[in-house]
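Just so we're aligned, residue 4 is where the sequence shown starts under the working numbering, counting upward by one.
Note that beta-carbon positions come from the ideal geometry of N, C-alpha and C, so glycine has one too.
This report concerns only the one structure given below.
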Amino acid sequence: MELDPKLILFLFLPPLVYSSAWQISWREFRASLRPILLLAIGLVPPNTWTEPSHRRLHREILQAERAAVIGLRDQGRIDDEVLREMERELDLEEQRCREEG
């Protein structure tokens, strides 16, 4: 059975990231609070106004997704085949971002 990588990213990644968010320690969360707030408050509104900023935010989100995938791999919570598909899709999306801007 062959799955579309976009389907994997749409259906499987968000619940995995969500569950990982519930499992993060408060110490790690507090240590990361400043970058979280900068991304949530400082970058989102300006990036909705300009197209180049939108592309930059998209690249930042891709980097966060890649970090989440690596975290899942390190925890042994993701199958190697699914991991390869997710990484391949992230690579393709990053390539599209580079080509666009």
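Report yes or no: is there a C-beta of chain C within less than 8 Å of the C-beta of residue i?
| i | result |
| --- | --- |
| VAL20 | You won't find chain C in this structure, because it holds only one protein chain. |
Residue i by DSSP, collapsed to three states: which one?
| i | result |
| --- | --- |
| SER22 | helix |
| ARG80 | coil |
| PHE32 | helix |
| GLU5 | coil |
| ILE73 | helix |
| PHE13 | helix |
| ILE64 | helix |
Taking Cβ positions, are residue i and residue j nearer each other than 8 Å?
| i | j | result |
| --- | --- | --- |
| ILE11 | VAL85 | yes |
| LEU93 | ARG69 | yes |
| PRO105 | ARG91 | Residue coverage of the chain in this structure runs from 4 to 104, which leaves residue 105 outside it and unanswerable. |
| GLY74 | SER23 | yes |
Rounded to the nearest angstrom, how far is the Cβ of residue i from that of residue j, given a contact under 8 Å?
| i | j | result |
| --- | --- | --- |
| LEU16 | MET89 | 7 Å |
- Query: Taking one C-beta from the segment 38–46 and one from the segment 94–103 each time, how about it: are there three or more such pairs within less than 8 Å?
  - Reply: no
*Using 8 Å as the Cβ pair cut-off and three pairs as the minimum, do the segment 57–70 and the segment 23–40 touch?*
no
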